[in-house]
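What follows is a set of notes on a single structure, which appears directly below.
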Amino acid sequence: MSLPRFYPIFDSADWIERLVPLGIKLVQLRVKDRTLDEVRAEIRRAKTICAAHDCQLVVNDYWQLAIEEGCAWLHLGQEDLDTADLDAIRAAGLRLGLSTHDGPERRRALDHKPDYLALGPVYPTILKQMKWDPQGTERLTRWKSEMGDVPLVAIGGMSVERAPGAFAAGADVVSAVTDITLNPDPEARVRAWLEVAK
Numbered sequence: 169m170s171l172p173r174f175y176p177i178f179d180s181a182d183w184i185e186r187l188v189p190l191g192i193k194l195v196q197l198r199v200k201d202r203t204l205d206e207v208r209a210e211i212r213r214a215k216t217i218c219a220a221h222d223c224q225l226v227v228n229d230y231w232q233l234a235i236e237e238g239c240a241w242l243h244l245g246q247e248d249l250d251t252a253d254l255d256a257i258r259a260a261g262l263r264l265g266l267s268t269h270d271g272p273e274r275r276r277a278l279d280h281k282p283d284y285l286a287l288g289p290v291y292p293t294i295l296k297q298m299k300w301d302p303q304g305t306e307r308l309t310r311w312k313s314e315m316g317d318v319p320l321v322a323i324g325g326m327s328v329e330r331a332p333g334a335f336a337a338g339a340d341v342v343s344a345v346t347d348i349t350l351n352p353d354p355e356a357r358v359r360a361w362l363e364v365a366k
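Residues 169 to 366 in our numbering are what the sequence shown spells out, letter by letter.
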């Protein structure tokens, strides 16, 4: 399966409304610390925006809402695998992306036959505290050689400047968060990402 090579993650439908029209074709909505009703509203709004721009929306964590709202994609972290109903997720036809940080997590994730596997953090990241050291691009190369056809997403400390190295190391997709949202000109940054990810 082929995925768009640029995969930004945003924490609100506001960001999606602002930036997806620039040409983003794969985006994750990762909402934290909101009520279920608020998350549902964010998912609905993001889904409408993405549908209007031929963009694939990936919902982070909220698998029940993703099913109820008829979404196509879901992303789960390792801790979410402990509680998510994977049979229900698959029965609903959701495509599934999984986070991994080390060898045991990768093996566990591959057992669930994900539609992509994310490895991170590739570089130091300011987004959240990580108990894992940066993986480096060498691990991208090794993991890609061992994963077969499963798309590999590089995440963590990624920037426009670092993206070519991640692609050269074997990443199929590169994901970014703060490189866009903390940039003084997010629109220009997205355009630069779209260019480097061609």
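A virtual CB, placed ideally from N, CA and C, is assigned to each residue, including glycine.
task: Check the DSSP bridge columns for I177 and list the partner residues they point to.
output: Position 9 of the sequence shown holds residue 177. Answer is Q196, bridged to I177.
task: Give me the Cβ distance between V195 and S180, rounded to the nearest whole Å; I'm assuming they're in contact under 8 Å.
output: Indexing the sequence shown from 1 puts residue 195 at position 27. Indexing the sequence shown from 1 puts residue 180 at position 12. Wrong, their Cβ atoms sit about 12 Å apart, outside the cutoff.
field: Rounded C-alpha distance that separates D159 from R213
entry: Beyond the ends of the chain as shown, which are 169 and 366, falls residue 159; an answer cannot be given.
query: Where G304 and V345 are concerned, what is the direct C-alpha to C-alpha distance, given to the nearest angstrom?
result: On the sequence shown, residue 304 is found 136 positions in, with the first residue counted as 1. On the sequence shown, residue 345 is found 177 positions in, with the first residue counted as 1. Rounded to whole angstroms, the gap between the alpha carbons of G304 and V345 is 18 Å.
message: Using the three-state DSSP reduction, which class does G324 fall into: helix, strand or coil?
response: Here residue 324 is taken as the residue at index 156 of the sequence shown, counted from 1. In the structure shown, G324 sits in coil (DSSP, three-state: anything other than H, G, I, E or B).
message: On a Cα-Cα basis, can you pick out the residue from A337, L287, G325 that is closest to E306?
response: Along the sequence shown, one-based indexing puts residue 306 at 138. Among A337, L287, G325, the Cα nearest to that of E306 belongs to A337.
field: Distance, L285 Cα to L266 Cα
entry: Within the sequence shown, the letter at position 98 stands for residue 266. Within the sequence shown, the letter at position 117 stands for residue 285. Each residue's alpha carbon lies about 5 Å from the other.
query: P292 to D301, Cα distance in whole Å?
result: Stepping through the sequence shown from its first residue, residue 292 is reached at position 124. Stepping through the sequence shown from its first residue, residue 301 is reached at position 133. Whole-angstrom Cα-Cα distance: 8 Å.
- prompt: What runs of the alpha helix (DSSP H), each 4 residues or longer, lie entirely inside the region 250-280?
  reply: Fully enclosed alpha helix (DSSP H) runs of 4 or longer: 254-259, 271-279.
message: Can you tell me whether V290 is helix, strand or coil according to DSSP?
response: Translated into the one-based positions of the sequence shown, residue 290 becomes position 122. Note: V290 maps to coil in three-state DSSP.
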